[in-house]
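Letter by letter, the sequence shown follows residues 169 to 318 of our numbering. Every residue, glycine too, gets a C-beta built ideally from N, C-alpha and C. These figures come from a predicted structure and were not determined experimentally. Taking it in order: structure first as structure tokens, then the write-up.
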Amino acid sequence: MHARHPKPQNRAVRIRRPSSSSGPAVRRILVATDRSQSADRAVRWAADMAERYEAELLVLQVVTERAAAVLPELTRFAESLGARALVETAAEDPSEAIVRAAAQEKADVLVVGNVGMSGRREFLLGNVPNRVSHNAPCTVVIVDTSEGRR
Numbered sequence: 169m170h171a172r173h174p175k176p177q178n179r180a181v182r183i184r185r186p187s188s189s190s191g192p193a194v195r196r197i198l199v200a201t202d203r204s205q206s207a208d209r210a211v212r213w214a215a216d217m218a219e220r221y222e223a224e225l226l227v228l229q230v231v232t233e234r235a236a237a238v239l240p241e242l243t244r245f246a247e248s249l250g251a252r253a254l255v256e257t258a259a260e261d262p263s264e265a266i267v268r269a270a271a272q273e274k275a276d277v278l279v280v281g282n283v284g285m286s287g288r289r290e291f292l293l294g295n296v297p298n299r300v301s302h303n304a305p306c307t308v309v310i311v312d313t314s315e316g317r318r
């Protein structure tokens, strides 16, 4: 004798999150960039996220040279997205500077591209997104910044 199971209903179910949800709020998003084309894709992704969540967007560039040289350009770029620019000068591993900035700025979400820093530094220091994801004090989103992807 087989027990009869009711036939599944094929209808859409809408789940609504209560407005007083106890889930984490996203108020501040920090995105790290080296200003490469692939990193700029991650910045634009973070800008879209900030707009959706009505969150503050901070654009961070880690540099080893004098910060004054890149700050004006980064500021213009950040302001075009409605964001605030941050420049961190670091002689150490860029991932450490990114994690430190996320903590200092009390970021709720940290966004990085999947490519990491460009050129020889990445080879010498390892994969920046991987290191950031293991050490950040907040949620980390690693954006696929491959050519032709969103």
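Judged by DSSP in its simplified three-state form, V227 adopts strand. Comparing alpha-carbon positions, the option among L228, L249, V255 and G281 lying closest to A207 turns out to be G281. R220 has its alpha-carbon roughly 32 angstroms from the corresponding atom of D261.
In this structure Q229 is buried. Its beta-carbon is surrounded by 16 or more other beta-carbon atoms within 10 angstroms.
Excluding its 5 nearest sequence neighbours in each direction, A214 has C-beta neighbours in its own chain below 7 angstroms: I197, V199, L225 and V279, listed in chain order. According to the DSSP assignment, A215 belongs to the alpha helix (DSSP H) that extends over Q205 to Y221. For T201, the secondary structure class from DSSP, reduced to helix, strand or coil, is strand.
Assigned with DSSP and collapsed to three states, T313 falls in coil, not helix or strand.
The C-alpha of D216 lies about 13 angstroms from the C-alpha of V194. In the three-state reduction of the DSSP assignment, L278 falls in the strand class.
For R252, the uninterrupted beta strand (DSSP E) run begins and ends at R252 to T257, by DSSP.
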